[in-house]
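S.K.:
2 protein chains.
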Amino acid sequence: MTAAPEPTRRDTDHRRIEIAAAARALIAERGFEGLRTRDIAERVGINIATLHYHVPSKEALVELVAQSLRDEFTAQYLRQSREGLSALEVLRLEFADFRETLAGREAFIVMAELSERARRDPRIAEIIRPMQAFWHGQIADILARGRADGSFRPDLDPIAGASMVIGGMIASQRLPDDSLAGFDRVAAELERAVRNPALKPLTPPKSGSSS
Amino acid sequence: MTAAPEPTRRDTDHRRIEIAAAARALIAERGFEGLRTRDIAERVGINIATLHYHVPSKEALVELVAQSLRDEFTAQYLRQSREGLSALEVLRLEFADFRETLAGREAFIVMAELSERARRDPRIAEIIRPMQAFWHGQIADILARGRADGSFRPDLDPIAGASMVIGGMIASQRLPDDSLAGFDRVAAELERAVRNPALKPLTPPKSGSSS
DNA sequence: GTCATTCTCCATCAATTGATTGATTGTCTC
DNA sequence: GAGACAATCAATCAATTGATGGAGAATGAC
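First to last, the protein sequences are chains A and B.
For the first sequence, my numbering assigns the number 574 to the initial residue and increments by one for each residue that follows.
For the second sequence, my numbering assigns the number 574 to the initial residue and increments by one for each residue that follows.
#1: So, residue 621 of chain B versus residue 588 of chain B, is the Cβ gap smaller than 9 Å?
#2: Roughly how many angstroms lie between the CA atoms of residue 767 of chain B and residue 674 of chain B, to the nearest whole one?
#3: Consult DSSP for residue 768 of chain B and reduce its assignment to one of helix, strand or coil.
#4: Under 9 Å between C-beta atoms, does residue 719 of chain B make it to chain A?
#5: Express the C-alpha separation of residue 734 of chain B and residue 763 of chain A in angstroms, rounding to a whole number.
#6: Would you list, in chain order, the members of the stretch 751-762 of chain A that have their beta-carbon closer than 8 Å to a beta-carbon of chain B?
#7: Which first and last residues belong to the alpha helix (DSSP H) in which residue 695 of chain A is found?
#8: Compute the Euclidean distance between the alpha carbons of residue 704 of chain B and residue 624 of chain A, then round it to the nearest angstrom.
#9: I'd like to know if residue 696 of chain B contacts chain A, where contact means its C-beta is closer than 9 Å to some C-beta of that chain.
#10: For the stretch 655-688 of chain B, enumerate the residues whose C-beta is nearer than 8 Å to any C-beta of chain A, in chain order.
#11: Given that residue 737 of chain B touches chain A, what residues does it touch there, using C-beta distances under 8 Å?
#12: At 9 Å on the CB atoms, spell out the chain A contacts of residue 710 of chain B, in chain order.
#13: Considering only the beta carbon of each residue, do residue 682 of chain B and residue 596 of chain B sit closer than 9 Å?
#14: Could you pull out every residue in the same chain whose Cβ sits closer than 6 Å to the Cβ of residue 748 of chain A, ignoring the five residues on either side in sequence?
#15: Measuring alpha carbon to alpha carbon, tell me which residue in A:613, A:660 and A:772 is nearest residue 721 of chain A.
#16: For a contact meaning CB atoms closer than 8 Å, what does residue 723 of chain A contact in chain B?
#17: Alpha helix (DSSP H) containing residue 653 of chain B: first to last residue?
#18: Judging by CA-CA distance, which residue of A:646, A:727, A:712 and A:615 is the nearest neighbour of residue 662 of chain A?
Here it is, written out as structure tokens:
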């Protein structure tokens, strides 16, 4: 049978992906200060020299991790179309996206760690900052659109509001509560916070009872 | 004059404070992964052996930093009385407190760094988590009070709202903008987000022009 | 003065850690 | 089969790093 058991070759990319995955797991477990190239190699099941063959230096390795995270988020974003949806619907889509990332834990923690590192590592900042700016811009656009069509508060500041939304989502994980339940609660609160109070008959996030 | 030039003695506490300050500065500059006991000693102007005389281990040193930060925040919180203030006024006091911390940069960054570290270091978590829980509880209380007296939204969820407020404040620093201007903008947005829309004649944060 | 206590430094250790060298194996091309 | 290339590993290096031992200096008690 065409099993292709272990592609011993032609897997330079494959190896780098494996290395990135192992590095991400270790960063989530121990943070950057506990990241050792030896541990990564061991987790992949290769020699340190082999690790250095695929990724020249530790710095390049951290960059690789940042890129892998960026690729993942990009893919997630492109997965579904925002066409024809209302501002509120798109906002809920953002909530759902983030919730999904949260459920995996690892990506969220590594992103937080990279975010801190970007503060003092220009190479990482170059990868992470645009991601954050893009995300922030997306949310700001949604808020601006909702304000324009009257579904969101007329006095909503889209830029500041985007920080509020993003910050709220992230901060929901700081509490000892069950992460996802806490997130849902904050997401619901964020929705009420941006909604136009003039539109009293609110539309609940889910629950079948249509008025 | 009674100069008391250099108290060569009886300064065990003094030395520990110096060490904590140097460690904080270095953590803010390079993060935990770049923290070296030698660098701390050098910045204080003492030998590594002397550093270890005052702080037995690196782990204890990180704990010392966390405690010094906790003491600082406690002192800041106790500095002014919240007696007789409206919910909105106390909320603005929280904004002002945070803004002040922000202006110093260092405490904010070190707190963020410790917050990440608390995720995997129980000793640090034991110090940091209660701080965060206290802060969150303070904000939640303010929101609950404002909701009760009608100045805040009746559908405001104090717990989730507190995460939104705290997260928003923190997230305001993620943008490349001027930090403090960005913060003020988010703080204003947060105020609008929790305010009771039924009370239309809003009270502006400052600015003399009434109505 | 003597002695104990406190604080400090020089010298040094043992372990860790990122990285390299040189050789080996397997695969593809010709 | 020969040569080229990709991938891997054992062995090892040089530098770093947290930590210690022992000795010296300053201070206060008596």
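Positions of the beta carbon are idealized from the N, C-alpha and C atoms, including for glycine.
M.R.: The structure says:
#1: Residue mapping note: residue 621 of chain B aligns to position 48 of the second sequence, counting from 1. Residue mapping note: residue 588 of chain B aligns to position 15 of the second sequence, counting from 1. Going by C-beta atoms, residue 621 of chain B is not nearer than 9 Å to residue 588 of chain B.
#2: Here residue 767 of chain B is taken as the residue at index 194 of the second sequence, counted from 1. Here residue 674 of chain B is taken as the residue at index 101 of the second sequence, counted from 1. One C-alpha to the other measures close to 23 Å.
#3: As a first step, residue 768 of chain B must be located in the second sequence, where it is residue number 195. Three-state DSSP puts residue 768 of chain B in a strand.
#4: Mapped onto the second sequence, residue 719 of chain B falls at position 146. Answer no: the Cβ-Cβ gap between residue 719 of chain B and chain A never drops below 9 Å.
#5: Here residue 763 of chain A refers to the residue found at position 190 of the first sequence. Here residue 734 of chain B refers to the residue found at position 161 of the second sequence. Taking the straight line joining both Cα atoms gives about 8 Å.
#6: Contact annotation: in the stretch 751-762 of chain A, residues whose CB is within less than 8 Å of a CB in chain B are 755, 758, 759, 761 and 762.
#7: Looking up residue 695 of chain A in the first sequence gives position 122. Counting along the chain, the alpha helix (DSSP H) containing residue 695 of chain A begins and ends at 695-721.
#8: Here residue 704 of chain B corresponds to residue number 131 of the second sequence, with the count starting at 1. Here residue 624 of chain A corresponds to residue number 51 of the first sequence, with the count starting at 1. Approximately 41 Å between the Cα atoms of the pair.
#9: Position 123 of the second sequence holds residue 696 of chain B. Judged by the 9 Å Cβ criterion, residue 696 of chain B is not in contact with chain A.
#10: Listed by position along the chain: 682, 685, 686 and 688.
#11: Taking the second sequence and counting its residues from 1, one reaches residue 737 of chain B at position 164. Per Cβ cutoff of 8 Å: 737, 740, 741, 744, 759, 762, 763 and 766.
#12: On the second sequence, residue 710 of chain B is found 137 positions in, with the first residue counted as 1. Residues of chain A whose Cβ lies closer than 9 Å to the Cβ of residue 710 of chain B do not exist; the shortest such Cβ separation is about 11 Å.
#13: Position 109 of the second sequence holds residue 682 of chain B. Position 23 of the second sequence holds residue 596 of chain B. No, Cβ-Cβ distance for residue 682 of chain B and residue 596 of chain B is not below 9 Å.
#14: Sequence index remark: in the first sequence, residue 748 of chain A carries index 175 (1-based). Counting only Cβ-Cβ distances below 6 Å, and skipping sequence neighbours, we find 755.
#15: The residue given as residue 721 of chain A occupies position 148 in the first sequence. Of the candidates A:613, A:660 and A:772, the residue whose Cα lies closest to the Cα of residue 721 of chain A is A:660.
#16: By one-based count along the first sequence, residue 723 of chain A stands at place 150. Neighbours of residue 723 of chain A in chain B, taken as residues at a C-beta separation under 8 Å, are lacking, since the least C-beta distance is about 14 Å.
#17: The residue you call residue 653 of chain B lines up with position 80 of the second sequence. For residue 653 of chain B, no alpha helix (DSSP H) segment is defined, and its DSSP state is neither H nor E.
#18: Along the first sequence, read from residue 1 onward, the residue named residue 662 of chain A stands at position 89. Answer by Cα proximity: A:712.
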